[in-house]
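Chemist:
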Amino acid sequence: MRSSLPKLAFFFCPTFIFGDAKRKVGTRTGDVTKRNESQLAVFLCIISKQSPMKYRKFGNNEQLSAIGLGCMSMSHAYGTPNDEESIATLNLALDLGINFWDTADVYGSGKNEELISKVLVPNRSKVFIATKFGFTANADNTGMTFNGSPAYMRKAIENSLKRLKIDTIDLYYAHRIDPNVPVEEMVGAMAELVKEGKVRYIGLSEASVTSIRKAHTVHPISAVQSEYSLLTRDVEKDVLPVCKELGITFVPFSPLARGLMTNTLNLATLPDTDFRKKLPRYQQAHQENNQQLASAFAQLAIAWVLAQGDNIIPIPGTKKRKNLADNAGSIDVQLQPRHLQEIEELLAKYPNVGDRYDEASRKMVDKSNA
Ligand SMILES: NC(=O)c1ccc[n+]([C@@H]2O[C@H](COP(=O)([O-])OP(=O)(O)OC[C@H]3O[C@@H](n4cnc5c(N)ncnc54)[C@H](OP(=O)(O)O)[C@@H]3O)[C@@H](O)[C@H]2O)c1
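Numbering-wise (the numbering used here), the sequence shown opens with residue 3 and increments by one.
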């Protein structure tokens with residue numbers, strides 16, 4: 003994947019976007035002329051992380067960091083867990099003002115919530131914590147089952163509260179829409195949790211506009227979380243406009259296309275257990291195409307998502323301090339209309355991106371629009 007400089011890298015050339023910043027770097031380093039343009043761009047990423055975090059409005063006047071922290075990979079799906087580094091990453095998130103943390107009960111079958119609680123509990127007032135219910139890993143390790151029934155949800159929330167060691171979850175999502183449970187019934191049960199003070203806000207994940215609209219008539223939906231990145235744009239058709247119309251914050255998951263958009267992902271070295279091994283997009287057939295689109299700099303991919311609307315708060319995932327600091331810097335990357343236009347042209351030139359999900363994962367996505 004790293005044999006040549008990807009086309010999107012050029013959007014980060016200092017003369018392209020960072021004309022003024024280039025001069026600033028020059029005065030700080032003195033040896034700036036020895037670097038080639040892409041190295042310079044990396045350096046710019048490093049200095050931009052020092053800016054204070056920016057915040058976006060959520061729900062009832064909450065201020066959430068414009069970039070959240072996806073905690074899944076600390077315990078689940080990608081690579082090998084490293085709890086010590088993950089704890090350090092969570093502490094760095096506090097230092098950087100990243101106050102919107104995302105987990106789910108299924109990540110590491112509860113281990114992710116337990117891990118987060120170690121930093122969350124002593125810093126409870128500084129963190130807006132989101133978790134999700136509904137998935138359980140099958141006992142024989144063959145995949146996942148989803149259950150969105152009120153009875154299951156009741157048990158799931160008690161377990162999440164116990165693992166997180168808190169009394170109230172700030173944002174509680176249904177991880178998927180259960181085709182066997184009317185969405186109004188599920189959200190009605192979630193609304194009971196709000197009344198009881200166990201949950202402050204309600205969210206849906208990978209929901210269709212039909213489900214979002216139905217749910218919103220039962221109780222305000224404050225967040226919709228779905229995959230959204232330079233490579234996954236399905237939500238632009240109807241979900242993003244509906245979120246805007248109803249005053250819902252849209253939370254893009256996998257804004258880096260599960261690492262693909264960073265141009266650091268080496269598919270050949272992923273362990274067999276890595277979730278991405280099963281997904282079409284990460285296979286050989288799409289490698290050449292996607293190599294041209296990998297942005298080389300995570301900041302560009304995140305900045306692009308941020309530029310799509312001020313009701314959007316992406317949650318790039320990482321278990322490493324270095325990557326977290328890098329991602330935090332994307333709030334300073336201002337993409338002008340002409341850059342967005344050129345990105346569109348580049349995406350149109352390389353359409354062989356590949357499906358984001360395999361058959362098993364696709365089955366779990368809400369199809370109630372159909
Ligand atoms: N609702 C849902 O169904 C759903 C599904 C998937 C994810 N999510 C949530 O969304 C969050 C983010 O999505 P994601 O983790 O799937 O994908 P992502 O944010 O698109 O990418 C994460 C991957 O990129 C790497 N990475 C992050 N920052 C980097 C940087 N600056 N440079 C190089 N590599 C970098 C991470 O590696 P390291 O970990 O080694 O840093 C990890 O492998 C998750 O953590 C989870 O909370 C929700």
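Positions of the beta carbon are idealized from the N, C-alpha and C atoms, including for glycine. Since the model is a prediction, treat every value here as computed from it, not as a measurement.
If we ignore side chains and look at the alpha-carbon of each, how far apart do residue 67 and residue 167 end up?
Modeler: C-alpha separation (whole angstroms): 23 Å.
Chemist: List the residues that DSSP assigns as beta-bridge partners of residue 71.
Modeler: For residue 71, which the question treats as bridged, DSSP gives the partners 103.
Chemist: When the distance is taken between beta carbons, is residue 55 closer than 8 Å to residue 100?
Modeler: Yes. Within cutoff.
Chemist: Using 10 angstroms around the beta-carbon of residue 157, count the other beta-carbons present and answer buried if the total reaches 16, otherwise exposed.
Modeler: With fewer than 16 other Cβ atoms within 10 Å, it is exposed.
Chemist: Exposed or buried, what is residue 72 when buried is set at 16 or more other beta-carbons lying within 10 Å of its beta-carbon?
Modeler: Residue 72 comes out buried.
Chemist: Which residues bound the alpha helix (DSSP H) around residue 347?
Modeler: 339–351 is the extent of the alpha helix (DSSP H) around residue 347.
Chemist: Can you give me the Cβ contacts of residue 301 inside the same chain, cut-off strictly under 6 Å, excluding the 5 residues immediately before and after it?
Modeler: For residue 301, where only same-chain residues beyond five positions count, the Cβ hits under 6 Å are 47, 331, 332, 335.
Chemist: Grab the span of the alpha helix (DSSP H) containing residue 361 for me, first residue to last.
Modeler: Residues 361–364.
Chemist: Going by DSSP, name the residue or residues bridged to residue 203.
Modeler: Per DSSP, 173.
Chemist: Cβ of residue 82 within 7 Å of any heavy atom in ligand 1?
Modeler: Not under cutoff, so the answer is no.
Chemist: Enumerate in chain order the residues of its own chain whose CB-to-CB distance from residue 131 is below 8 Å, with the five nearest sequence positions on each side excluded.
Modeler: 103, 105, 118, 122, 166, 168, 171, 172, 173, listed in sequence order.
Chemist: Do residue 94 and residue 326 have their C-beta atoms closer together than 8 Å?
Modeler: Taking 8 Å as the Cβ cut-off, residue 94 and residue 326 qualify as a contacting pair.
Chemist: Alpha carbon to alpha carbon, how far is residue 242 from residue 179?
Modeler: Taking the straight line joining both Cα atoms gives about 18 Å.
Chemist: Give the range of the beta strand (DSSP E) segment to which residue 91 is assigned.
Modeler: That residue, residue 91, is in no beta strand (DSSP E); its alpha helix (DSSP H) goes 85–98.
Chemist: Going along the chain, which residues of its own chain have a beta-carbon closer than 6 Å to the beta-carbon of residue 137, five neighbours each way excluded?
Modeler: Counting only Cβ-Cβ distances below 6 Å, and skipping sequence neighbours, we find 108, 146, 148, 177.
Chemist: Got a sec? Which residues, its chain only, sit under 7 Å from residue 57 by beta carbon, not counting five neighbours each side?
Modeler: Excluding residues within five positions, the ones whose Cβ falls inside 7 Å are 65, 66, 67, 68.
Chemist: Just list the residues that DSSP pairs residue 228 with in beta bridges.
Modeler: Paired residues: 254.
Chemist: In terms of DSSP beta bridges, what is residue 147 paired with?
Modeler: Note: residue 147 sits in a beta bridge opposite 138.
Chemist: Cα separation between residue 316 and residue 209?
Modeler: Approximately 17 Å between the Cα atoms of the pair.
Chemist: Let me know the secondary structure DSSP gives residue 193 once reduced to three states.
Modeler: Reduced to three states, the DSSP call for residue 193 is helix.
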